[in-house]
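>
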Amino acid sequence: MSLITPFDPWKGKLCTCPQKHSLSAYAGCGHGCLYCYASSYIIKFFSPRPKKDFLDLLKKEIPKVPKGSIITISNSSDPYLPLEKKYKLTQGMLEILKDYDLKLLFVTRSVLILRDIDRIKECRNVVVSFTLTTLKKELAKKLEPAASSPHQRLKAMQALSKHVPVVCRFDPLIYPLNTEEITEVVGAIKEAGAKQVITSTYKVKPDNFKRMTKAFSEYKELWEDLYLKQGEKLGQYIYLPKNLRKELIEKVKQAALNKGLDFSSCREGLQELNTKNCDGSSFF
Ligand code: SF4
6 MSLITPFDPW
16 KGKLCTCPQK
26 HSLSAYAGCG
36 HGCLYCYASS
46 YIIKFFSPRP
56 KKDFLDLLKK
66 EIPKVPKGSI
76 ITISNSSDPY
86 LPLEKKYKLT
96 QGMLEILKDY
106 DLKLLFVTRS
116 VLILRDIDRI
126 KECRNVVVSF
136 TLTTLKKELA
146 KKLEPAASSP
156 HQRLKAMQAL
166 SKHVPVVCRF
176 DPLIYPLNTE
186 EITEVVGAIK
196 EAGAKQVITS
206 TYKVKPDNFK
216 RMTKAFSEYK
226 ELWEDLYLKQ
236 GEKLGQYIYL
246 PKNLRKELIE
256 KVKQAALNKG
266 LDFSSCREGL
276 QELNTKNCDG
286 SSFF
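In terms of our numbering, the sequence shown opens at residue 6 and continues consecutively.
1) My guess is that LYS167 and LEU266 are in contact by the Cβ rule of under 8 Å, so how many angstroms apart are they, rounded?
2) Taking the alpha carbon of SER44 as the reference point, which residue from THR113, SER74, SER82, THR77 has its own alpha carbon closest?
3) Does the count of Cβ pairs from the stretch 214 to 226 and the stretch 275 to 288 closer than 8 Å reach three?
4) Can you tell which of THR95, LYS225, THR206 has its C-alpha closest to the C-alpha of LEU245?
5) How big is the Cα-Cα spacing for ILE78 and ASP176?
6) Looking at GLU149 and the ligand SF4, is the gap between the Cβ and the nearest heavy atom below 7 Å?
7) When DSSP builds the beta bridges, which residues end up paired with PHE221?
8) Please state whether DSSP places ALA32 in a helix, a strand or coil.
9) Under the three-state reduction of DSSP, which class applies to ILE76: helix, strand or coil?
10) Taking one C-beta from the stretch 99 to 117 and one from the stretch 62 to 77 each time, how about it: are there three or more such pairs within less than 8 Å?
11) Check whether the Cβ of CYS173 sits closer than 7 Å to any heavy atom of the ligand SF4, and report yes or no.
12) For the beta strand (DSSP E) that TYR85 lies in, which residues bound it at each end?
Structural data, given as structure tokens:
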């Protein structure tokens with residue numbers, strides 16, 4: 006199969022989520038998140054394009070996927086990119102997938118998902134995972150220039166959570182950019198009807214570090230010290246020092262538990278803190 010591929014083909018030691026497949030109608034992503042990890046392994050990443058013959062190929066591949074499989078849509082892109090307004094491939098994908106016994110995990114930062122709310126309701130088993138990094142409009146605009154605003158995302162979560170389970174990735178935690186607002190962000194996630202908060206800390210890759218330090222030059226020195234001098238190299242990424250990571254992740258966990266939300270860390274080697282799977286799949 007060429008469209009439906011195994012999630013985490015590299016079998017990263019820090020990944021603890023259940024086995025699943027990935028599916029995306031688009032190659033690359035137009036949301037332009039400065040911290041993005043996928044930009045380092047997909048060519049012309051920030052020039053997203055529809056995959057050729059996507060819906061025809063999907064019709065051929067989908068019957069080969071075992072019943073009950075988890076399909077995550079779309080991890081290294083977003084199913085509701087601005088391009089989707091024109092091409093409607095995610096919409097077409099839903100029309101096909103709704104007839105199959107599959108577990109669909111949507112991962113998005115876009116309010117455009119509300120266009121498909123009726124189609125999503127028709128699918129047998131759906132969890133929607135929103136990502137929210139801050140409540141501050143200006144900061145979000147700088148970090149994720151083409152994604153929906155925090156306010157729009159929360160409103161979309163609220164609307165969807167009336168029909169399907171919604172979880173929220175408060176992710177990545179970028180110290181100290183968004184770590185001062187942990188209680189407020191988790192509170193807003195709860196208000197919006199999500200069931201779980203999933204979090205992880207920002208990890209350095211050469212290309213995302215260049216973008217981040219250019220946009221936030223006031224933190225360049227601090228991040229160079231924390232990541233490049235004191236940080237830990239785990240796989241392809243440089244992490245914050247473990248004590249700081251643990252402190253931040255535990256703060257989010259405490260805020261989540263205080264609000265009666267489930268919690269998980271993602272790829273941090275801290276799975277003992279998790280109350281549910283790290284990707285929202287506990288709610289299928
Ligand atoms: S939405 Fe996801 S894939 Fe797209 S740029 Fe942002 S982090 Fe990268």
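Glycine residues also receive a C-beta, built at the ideal position from the N, C-alpha and C atoms. Since this is a predicted model, take the numbers as computed values, not measurements.
On the basis of the coordinates in this document:
1) Contact doesn't hold; Cβ gap of about 17 Å is too wide.
2) SER82
3) no
4) THR206
5) 17 Å
6) yes
7) Bridge partners of PHE221: none, in fact.
8) strand
9) strand
10) yes
11) no
12) Where TYR85 is concerned, there is no enclosing beta strand (DSSP E), given that its DSSP letter is neither H nor E.
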